[in-house]
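Residues 136 to 256, numbered by the working numbering, are exactly what the sequence shown covers, in order.
The beta-carbon is built from N, C-alpha and C at its ideal position, and this holds for glycine as well.
I have placed the structure first, in the form of structure tokens, so that the comments after it can refer back to it.
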Amino acid sequence: MPGQGDAGCTRTQFCHPWPLAFQVRANADPTNQIVMSKRVRQLPQERGSVLFDVIYEDGSRKSNRRVPMEILGGLDGDEPARLFIEEQDEAIAQKSGRPRSRIQELTRSVTKALKLVSEAY
Numbered sequence: 136m137p138g139q140g141d142a143g144c145t146r147t148q149f150c151h152p153w154p155l156a157f158q159v160r161a162n163a164d165p166t167n168q169i170v171m172s173k174r175v176r177q178l179p180q181e182r183g184s185v186l187f188d189v190i191y192e193d194g195s196r197k198s199n200r201r202v203p204m205e206i207l208g209g210l211d212g213d214e215p216a217r218l219f220i221e222e223q224d225e226a227i228a229q230k231s232g233r234p235r236s237r238i239q240e241l242t243r244s245v246t247k248a249l250k251l252v253s254e255a256y
């Protein structure tokens, strides 16, 4: 029977103790209402390392090789990163039993551009 408890309810506002949609008064101040804002994507936090792309003489490529930021900088530029990655490659070559390739080119990885959300209301 409609009207007695929730037995015959079709999920309308009249048979529930809470409203399904908030009522907005006609004379309500629009600056006093809740407005949901969009989230803006943030840049990744600086974690103390720099990413490099490595191209080897045999044509293979390894992307996003992580190098600690402490060894970079100064007058040498990115040369300490080359030495650090060569040491890593040598350790990997010893463990795998395969000879390592020489580094042909070393460049910093490109960071993704940040998309800003336009506020069009």
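| query | So what's R200 in DSSP terms, helix, strand or just coil? | reply | strand
| Straight-line gap, F191 to G209 (C-alpha atoms, nearest Å) | Here residue 191 is Tyr; the residue named in the question, Phe, does not match the sequence. Computed Cα separation, rounded: 25 Å.
| Residues near I227 by beta carbon distance below 8 Å, same chain, minus five either side | R235
| For V175, does the count of other Cβ atoms within 10 angstroms reach 16, so buried, or fall short, so exposed? | exposed
| Thinking just about the alpha-carbon of each residue, which of I220, G194, R196 and Q177 is nearest to the one in S184? | I220
| When you compare only the Cα positions, how much space is there between Q203 and S244? | Sequence inspection shows Pro at residue 203; the Gln mentioned does not correspond to that position. Those two C-alpha atoms are separated by around 14 Å.
| So what does R243 bridge to, in DSSP terms? | F187
| query | Could you give the residue range of the alpha helix (DSSP H) that holds I220? | reply | E214 to S231
| message | Could you compute how far the alpha carbon of L218 sits from the alpha carbon of E240? | response | 13 Å
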